[in-house]
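Below you'll find the structure, written out as structure tokens, and then a few comments.
2 protein chains.
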Amino acid sequence: MDNTTPPQPFKRIFGDANDSTTLAQRVVEQLRALIMEGALPPEYQLPNEPDLATALNVSRSTVRSALTILEQGGFIQRRWGVGTFIAKSPPTYNNLSINSGVTQLIRSSGAEPGHTEFLMVTRPASEHVANRLSIEPGAPVVVLERVRLANQRIVVFCLDILPQALFQNSTGMIPLAEIEEYIRENQSMYTFIRERLGKEIHHGIAWIRPLTAEAYLAEKLAIPRGSSVLHLEQVDFSVDEEPLALTDEYYVPDAFTFYIYRSS
Amino acid sequence: MDNTTPPQPFKRIFGDANDSTTLAQRVVEQLRALIMEGALPPEYQLPNEPDLATALNVSRSTVRSALTILEQGGFIQRRWGVGTFIAKSPPTYNNLSINSGVTQLIRSSGAEPGHTEFLMVTRPASEHVANRLSIEPGAPVVVLERVRLANQRIVVFCLDILPQALFQNSTGMIPLAEIEEYIRENQSMYTFIRERLGKEIHHGIAWIRPLTAEAYLAEKLAIPRGSSVLHLEQVDFSVDEEPLALTDEYYVPDAFTFYIYRSS
DNA sequence: TCGGCTTAGATGTCTGACAACGACGCATTA
DNA sequence: TAATGCGTCGTTGTCAGACATCTAAGCCGA
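Protein sequences appear in the order of chains A and B.
If you're matching positions, the first sequence starts at 1 in my numbering and goes up one per residue.
If you're matching positions, the second sequence starts at 265 in my numbering and goes up one per residue.
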């Protein structure tokens with residue numbers, strides 16, 4: 001109806017990039033970014049598929065493949081014979097179906113991320129950890145423990161656990177101090193895995209459950225003992241299902257509003 | 265590797281059906297069912313796309329469209345130049361990304377569903393409810409309240425809230441008693457909406473948070489006061505984003521293990 | 001024994017065409 | 001006048017065939 005505001009910053013996509021990702025995937029990423037940053041408003045009707053294809057410099061099949069993925073994720077809605085529209089309320093970063101890190105979650109809520117109690121150690125993997133990461137019990141893992149802040153306020157207690165074997169560089173082991181420095185600066189485990197280890201996180205599986213804060217956790221989160229916190233235990237995988245990281249996150253109640261898009 | 269066990273009950277798909285769904289969607293449903301009931305085991309390599317297309321009696325583009333959707337949902341994994349495989353651990357019904365009802369959730373855990381405290385009333389919508397359902401505050405809604413059992417054990421307290429306007433039949437209003445009888449028998453709100461109202465639930469959006477059980481809830485769930493319960497508030501939509509039902513679910517801690525597939 | 005080349009088979013992309021659907025306008029009819 | 005039916009047009013869905021690109025595996029030679 002109010003399609004009178006036509007912003008269309010569709011960028012041409014070049015196939016020469018040795019991105020190792022597929023063309024359709026790059027189209028998805030571009031459109032998803034445009035939607036999530038609000039450049040394409042809700043209910044806005046996209047150009048039809050042939051036009052979109054030429055605008056993006058790809059074929060219609062590639063565009064259709066990308067649109068199928070976006071539709072499945074709840075970003076757009078397609079109506080046969082009518083057109084393709086941005087969803088009424090497309091997913092945001094507090095949508096659990098999107099595997100964004102805590103840093104991005106905090107930023108998207110309009111707050112500035114920070115941390116206290118930054119701690120990084122190496123220790124042998126427990127039975128449970130080893131099982132989740134598909135490594136041998138007792139194999140060394142790097143543990144990163146953080147209490148994380150949004151605008152100075154404690155919102156989540158994080159535990160990132162990675163197999164030490166991941167940090168094997170061609171020249172040997174990356175020193176812990178270097179990792180620590182990087183993360184202190186960029187605040188993100190995800191970007192470290194991608195930029196320094198050259199591994200791409202393809203998807204994650206998160207177990208979710210409520211938990212009653214006992215003494216230790218209550219102190220970490222600075223909440224009354226006995227409060228209900230949300231526990232998110234997540235394993236992140238590479239594209240070929242190799243476990244890259246195990247993450248334990250304990251969220252202060254009502255710090256964020258999480259939701260999930262459930263397709264029938 | 266161990267593709268020596270080749271089960272292939274792919275059924276030919278006929279286009280003559282006036283299903284109103286697309287062909288690709290029907291392919292998705294068939295394959296998803298085969299995967300979830302275990303007919304296609306994890307890591308099993310599917311036939312290549314042209315063969316699958318002829319087996320299903322559709323074109324390769326349709327198959328590819330379906331496979332894209334299944335891949336996005338974590339059911340299969342495609343490797344360029346290699347083949348298409350069932351995922352190592354494909355989603356099950358306790359995956360929150362799949363919009364299955366509580367009945368199916370209980371059944372899939374191997375338990376027999378039941379209920380106590382079955383209660384059905386009509387009342388005016390509160391501000392919050394009206395907002396969620398996109399109706400006027402004070403408009404009548406049908407409320408279904410159930411304490412639900414898995415093998416006689418209390419697992420969840422459910423509140424289903426539907427706009428009364430939905431029950432307007434061509435011959436007038438469907439009597440509450442008839443609805444009640446149907447649900448007592450089939451135990452499922454979802455199938456009622458589909459079979460009796462002719463509306464199809466296309467997707468849902470669920471807000472998830474931990475909650476401390478106060479006196480009322482503790483009694484309903486027969487747990488100690490102060491326990492942490494999981495609260496799932498969900499709105500189900502039709503394909504054109506019309507809100508059909510609002511559902512409040514309060515889960516007994518550790519009754520189910522929920523997880524989420526998070527794609528990056 | 002190792003390394004590079006070739007080849008076969010799979011998914012990814014492109015092109016062009018037609019089918020099916022939905023909104024809209026218009027003429028017809030009660 | 002208002003409701004109804006029909007045709008047109010634009011869009012998404014499906015089909016067909018071809019080629020590109022990637023992977024794994026086998027072959028061959030150094």
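Don't be surprised by glycine CBs; every beta carbon is placed ideally from N, CA and C.
- In the structure shown, the three-state DSSP call for Ile223 of chain A is coil.
- Relative to the Cα of Ser109 of chain A, the nearest Cα in the group A:Gln30, A:Tyr190 and A:Met36 belongs to A:Met36.
- In this structure the stretch 157-169 of chain A touches the stretch 247-260 of chain A; the number of beta carbon pairs closer than 8 Å is three or more.
- The criterion of a C-beta distance shorter than 8 Å is satisfied by Ser97 of chain A and Ile260 of chain A.
- Assigned with DSSP and collapsed to three states, Asp512 of chain B falls in strand.
- Put simply, the stretch 75-92 of chain A does not touch the stretch 124-141 of chain A. Fewer than three CB pairs are less than 8 Å apart.
- If you look at Glu381 of chain B, you'll find it in the beta strand (DSSP E) that goes Pro377 to Pro388.
- Going by beta carbons, Leu397 of chain B and Pro507 of chain B fall inside the 8 Å limit.
- Beta-bridge partners assigned by DSSP to Ser323 of chain B: none are found.
- One finds Arg262, Ser263 and Ser264 in chain A with Cβ atoms closer than 7 Å to the Cβ of Asn363 of chain B, taken in chain order.
- Between Ala24 of chain A and Thr62 of chain A, the C-beta gap is smaller than 8 Å, which places the two residues in contact.
- In this structure, DSSP gives Gln498 of chain B an extended state, which the three-state scheme calls strand.
- Shortest Cα-Cα distance from Asp254 of chain A to any of B:Leu334, B:Pro314, B:Trp471 and B:Arg371 involves B:Trp471.
- Linking Met173 of chain A to Ile193 of chain A through their CA atoms gives a straight-line distance of about 14 Å.
- Think of a sphere of 7 Å around the beta carbon of Val229 of chain A: the chain B residues whose beta carbon falls inside it are Pro474, in chain order.
- When 8 Å is used as the limit between beta carbons, Gln187 of chain A is near no residue of chain B, the shortest such separation being about 18 Å.
- No Cβ-Cβ contact shorter than 8 Å links His202 of chain A with Val235 of chain A.
- Between Ile106 of chain A and Ala150 of chain A, the beta carbon gap of about 5 Å places them in contact (Cβ cut-off 8 Å).
- Around Phe258 of chain A, the beta-carbon contacts reaching into chain B at under 8 Å are Trp471, Ile472 and Arg473.
- One alpha carbon belongs to Lys220 of chain A, the other to Ala394 of chain B, and they sit about 39 Å apart.
- Around Ser59 of chain A, the same chain offers Ala53 as residues with beta carbons nearer than 8 Å, after the five sequence neighbours per side are excluded.
- CA-to-CA, the gap between Leu310 of chain B and Ala297 of chain B works out to about 15 Å.
- Here the alpha carbons of Leu481 of chain B and Glu381 of chain B stand approximately 13 Å from one another.
- Excluding its 5 nearest sequence neighbours in each direction, Val516 of chain B has C-beta neighbours in its own chain below 7 Å: Ile418, Val419, Val420, Leu485, Ile487 and Val493, listed in chain order.
- Pairing Glu335 of chain B with Ser527 of chain B, the inter-Cα distance amounts to about 10 Å.
- One thing to note: Arg225 of chain A has its Cβ within 8 Å of the Cβ of Glu214 of chain A.
- For Pro50 of chain A, same chain residues with a beta-carbon under 8 Å away, outside a window of 5 residues either side, are Arg60 in chain order.
- Around the beta carbon of Gln187 of chain A, 16 or more other beta carbons lie within 10 angstroms, which makes this residue buried.
- Its Cα nearest to that of Val82 of chain A, the residue A:Tyr44 stands out among A:Glu195, A:Tyr44, A:Asn95 and A:Glu29.
- In the DSSP assignment, Glu409 of chain B is bridged to B:Leu383 and B:Leu423.
- For Gln416 of chain B, no Cβ of chain A is located within less than 8 Å of the residue's own Cβ.
- Excluding residues up to 5 positions away in sequence, Pro377, Arg412, Val420, Cys422 and Glu513 lie with their Cβ nearer than 8 Å to the Cβ of Val366 of chain B in the same chain.
- For the pair Asn99 of chain A and Leu440 of chain B, the Cα-to-Cα distance works out to about 43 Å.
- Beta-bridge partners assigned by DSSP to His467 of chain B: A:Ser263 and B:Phe501.
- Of the other Cβ atoms in all chains shown, fewer than 16 fall within 10 Å of the Cβ of Gly402 of chain B; this residue is therefore exposed.
- At a cut-off of 8 Å between C-beta atoms, Pro314 of chain B does not count as an interface residue with respect to chain A.
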